[in-house]
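In this note's numbering, the protein residues as written are 65 to 378.
We treat Cβ as the ideally placed atom computed from N, Cα and C, and that holds for glycine.
Data first, discussion second: the structure below is written as structure tokens.
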Amino acid sequence: MAKKTRVRDAGATSGENPRRPCPCGSGKRYKACHGAGDDVIVIRPFEGLAAECDLVPMREFLPSATAPLPLRTPSEVPVTIATVLPGACAALVRPNGEIMLGMQVQTRSGDLSGDLGRALAWARQAEPNSSLPVVGPGLGDGVVRLQDELDLDAALDLTLHSDFAWWIYPNEDGSPPSAEVTATLERANSVIMPTEPVVADGVHAAYWVDTGSKAHLRWVRPEPEDALLAALARLQARGELGLSADARFAGSFRAHGLLVPVWDLDRELHVKEWAEPVAAFAKALDTALADDSPLTEAERRARDALAGKQVTLR
Numbered sequence: 065m066a067k068k069t070r071v072r073d074a075g076a077t078s079g080e081n082p083r084r085p086c087p088c089g090s091g092k093r094y095k096a097c098h099g100a101g102d103d104v105i106v107i108r109p110f111e112g113l114a115a116e117c118d119l120v121p122m123r124e125f126l127p128s129a130t131a132p133l134p135l136r137t138p139s140e141v142p143v144t145i146a147t148v149l150p151g152a153c154a155a156l157v158r159p160n161g162e163i164m165l166g167m168q169v170q171t172r173s174g175d176l177s178g179d180l181g182r183a184l185a186w187a188r189q190a191e192p193n194s195s196l197p198v199v200g201p202g203l204g205d206g207v208v209r210l211q212d213e214l215d216l217d218a219a220l221d222l223t224l225h226s227d228f229a230w231w232i233y234p235n236e237d238g239s240p241p242s243a244e245v246t247a248t249l250e251r252a253n254s255v256i257m258p259t260e261p262v263v264a265d266g267v268h269a270a271y272w273v274d275t276g277s278k279a280h281l282r283w284v285r286p287e288p289e290d291a292l293l294a295a296l297a298r299l300q301a302r303g304e305l306g307l308s309a310d311a312r313f314a315g316s317f318r319a320h321g322l323l324v325p326v327w328d329l330d331r332e333l334h335v336k337e338w339a340e341p342v343a344a345f346a347k348a349l350d351t352a353l354a355d356d357s358p359l360t361e362a363e364r365r366a367r368d369a370l371a372g373k374q375v376t377l378r
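What follows is the structure in structure tokens.
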């Protein structure tokens with residue numbers, strides 16, 4: 065069965081005027097800059113980083129989350145990575161000098177890691193209380209990527225927030241935020257889907273998400289796609305792909321080179337009630353991943369069926 069593909073291209077926004085000046089500030093028209101669509105796409109931009117399974121959900125589906133960046137060289141000022149910043153900007157420098165980098169941005173190139181590296185380089189030279197709307201193609205000297213900046217073996221210490229109150233930095237004079245800032249914050253808070261991590265032994269980067277009509281488990285996996293798909297197929301052939309009687313395997317999507325299996329869950333159950341079944345499934349999946357025997361005919365059919373439920377995000 066043919067695999068379904070959905071391409072997410074932040075540079076091809078519906079209704080954009082291709083002749084307008086590019087918002088990156090290059091001086092070029094949008095169609096000749098970020099709208100050109102000729103970037104080389106790095107399929108797995110965070111490969112080699114222990115934080116890969118943290119960065120992918122921050123980019124794709126976590127609504128409000130922050131984490132200190134584990135830099136190789138200690139920074140004089142705090143450097144924080146966030147899901148989305150005010151105005152969906154690429155970076156900002158707070159009045160106290162703290163650097164914040166945004167994952168969910170207005171436009172991007174084909175290399176998310178390179179975009180983040182260049183945004184960090186910009187922020188280190190920027191004045192306090194300034195922001196970078198988008199990362200321009202000529203920003204910075206050379207191609208600096210997160211892999212050049214981060215401790216390769218360090219995962220992110222992620223904090224999930226229930227709202228965007230962390231956007232607000234206290235005014236120096238102690239005055240409350242302006243009405244415009246307050247309204248922007250309220251609009252952002254109104255579209256947040258409740259999201260919490262599943263905390264259990266052997267489980268990492270698994271998130272419970274309440275979309276309003278359904279609840280889902282989205283689990284970012286680090287394994288090569290072929291190996292993970294074969295392991296899932298073994299479990300499917302044995303009728304063990306569901307987490308419990310209250311969960312159904314819905315399919316999977318690819319995001320930045322990783323496969324993310326998804327389950328539909330009973331919305332009436334709290335995220336803590338999923339810790340035990342997810343931990344048990346993690347053990348079963350590890351066993352299936354360690355099985356290198358050829359797939360049976362039933363397992364091959366299951367693999368083909370699972371492959372038909374995949375969607376690609378870019």
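Sub-8 angstroms separation of residue i and residue j beta-carbons
{"i": "residue 285", "j": "residue 324", "result": "yes"}
{"i": "residue 307", "j": "residue 267", "result": "no"}
{"i": "residue 128", "j": "residue 224", "result": "yes"}
{"i": "residue 177", "j": "residue 120", "result": "no"}
{"i": "residue 168", "j": "residue 198", "result": "no"}
{"i": "residue 157", "j": "residue 191", "result": "yes"}
{"i": "residue 208", "j": "residue 185", "result": "yes"}
{"i": "residue 326", "j": "residue 281", "result": "yes"}
Assigned exposure category for residue i - 16 Cβ within 10 Å defines buried
{"i": "residue 118", "result": "buried"}
{"i": "residue 130", "result": "buried"}
{"i": "residue 123", "result": "buried"}
{"i": "residue 104", "result": "exposed"}
{"i": "residue 374", "result": "buried"}
{"i": "residue 251", "result": "exposed"}
{"i": "residue 200", "result": "buried"}
{"i": "residue 145", "result": "buried"}
{"i": "residue 77", "result": "No answer about residue 77 holds up, because its pLDDT of 37 lies below 50 and its placement is not dependable."}
{"i": "residue 243", "result": "exposed"}
{"i": "residue 316", "result": "buried"}
{"i": "residue 259", "result": "buried"}
Residue i: first and last residue of the uninterrupted beta strand (DSSP E) it sits in
{"i": "residue 254", "result": "That residue, residue 254, is in no beta strand (DSSP E); its alpha helix (DSSP H) goes 243 to 254."}
{"i": "residue 106", "result": "That residue, residue 106, is in no beta strand (DSSP E); it is neither H nor E in DSSP."}
{"i": "residue 155", "result": "155 to 157"}
{"i": "residue 132", "result": "129 to 132"}
{"i": "residue 328", "result": "322 to 329"}
{"i": "residue 166", "result": "163 to 166"}
Alpha-carbon spacing of residue i relative to residue j, whole angstroms
{"i": "residue 298", "j": "residue 352", "result": "7 angstroms"}
{"i": "residue 333", "j": "residue 257", "result": "16 angstroms"}
{"i": "residue 290", "j": "residue 368", "result": "11 angstroms"}
{"i": "residue 153", "j": "residue 173", "result": "14 angstroms"}
{"i": "residue 331", "j": "residue 310", "result": "9 angstroms"}
{"i": "residue 226", "j": "residue 274", "result": "12 angstroms"}
{"i": "residue 125", "j": "residue 320", "result": "13 angstroms"}
{"i": "residue 253", "j": "residue 148", "result": "12 angstroms"}
{"i": "residue 214", "j": "residue 136", "result": "5 angstroms"}
{"i": "residue 195", "j": "residue 364", "result": "51 angstroms"}
{"i": "residue 240", "j": "residue 231", "result": "13 angstroms"}
{"i": "residue 222", "j": "residue 261", "result": "10 angstroms"}
{"i": "residue 115", "j": "residue 301", "result": "32 angstroms"}
{"i": "residue 68", "j": "residue 216", "result": "For residue 68, the predicted structure reports a pLDDT of 35, less than 50, and the residue's modelled location is therefore unreliable. The matter cannot be settled from this model."}
{"i": "residue 183", "j": "residue 269", "result": "25 angstroms"}
{"i": "residue 304", "j": "residue 370", "result": "14 angstroms"}
{"i": "residue 218", "j": "residue 132", "result": "11 angstroms"}
Collapsed DSSP secondary structure at residue i in the structure displayed
{"i": "residue 260", "result": "strand"}
{"i": "residue 367", "result": "helix"}
{"i": "residue 276", "result": "coil"}
{"i": "residue 121", "result": "helix"}
{"i": "residue 150", "result": "helix"}
{"i": "residue 210", "result": "helix"}
{"i": "residue 335", "result": "helix"}
{"i": "residue 311", "result": "strand"}
{"i": "residue 115", "result": "coil"}
{"i": "residue 269", "result": "coil"}
{"i": "residue 219", "result": "coil"}
First and last residue of the uninterrupted alpha helix (DSSP H) at residue i
{"i": "residue 351", "result": "339 to 354"}
{"i": "residue 177", "result": "176 to 189"}
{"i": "residue 298", "result": "289 to 301"}
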